[in-house]
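Presented below is the structure to which this report refers.
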Amino acid sequence: SGAKINENKSTIMYYGNGARSPGRQAFIEEKASVRVLGVHIGQDQKAARDNTWKEVLNKMNNTLGLWKMRKLTLKGKVVMLNSLILSK
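Take any residue in the sequence shown, note its place counting from 1, add 30, and you have its number in the numbering used here.
Below, the structure written as structure tokens:
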């Protein structure tokens with residue numbers, strides 16, 4: 031398909047004591063955690079989990095902040111919560 035990895039945006043995280051793979055020096059090396067499909071994975075599982083939830087809560091707060099100024103009925107608020115907030 032011709033798909034290529036964007037080395038400027040991609041990160042790599044080594045686990046264990048194995049040797050580093052030669053030829054992959056262009057990647058940014060992360061020590062704490064990496065993000066895979068929106069979920070932080072790392073050596074410290076608690077910190078990675080906290081970072082994941084912090085991002086989710088920030089997105090929810092930002093969305094709520096945008097809709098807070100609108101004068102919505104109760105039904106409108108329920109629809110907004112179900113479609114925009116709980117989908118995050």
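We put the beta carbon where it would ideally sit given N, CA and C, even for glycine.
How many angstroms separate the CA atom of asparagine 88 from the CA atom of glycine 32?
-> 35 Å
Glycine 32, enclosing alpha helix (DSSP H) - first and last residue | Glycine 32 -> no alpha helix (DSSP H), and no H or E assigned at all.
Kindly confirm or deny that the region 91–100 and the region 58–76 touch, where touching means at least three C-beta pairs closer than 8 Å.
-> no
Note the first and the last residue of the continuous alpha helix (DSSP H) segment covering glycine 72.
-> Segment 69–72 is the beta strand (DSSP E) holding glycine 72; no alpha helix (DSSP H) there.
Relative to the alpha-carbon of serine 63, which residue among Met110, Lys107 and Ile42 has its alpha-carbon at the smallest distance?
-> Ile42
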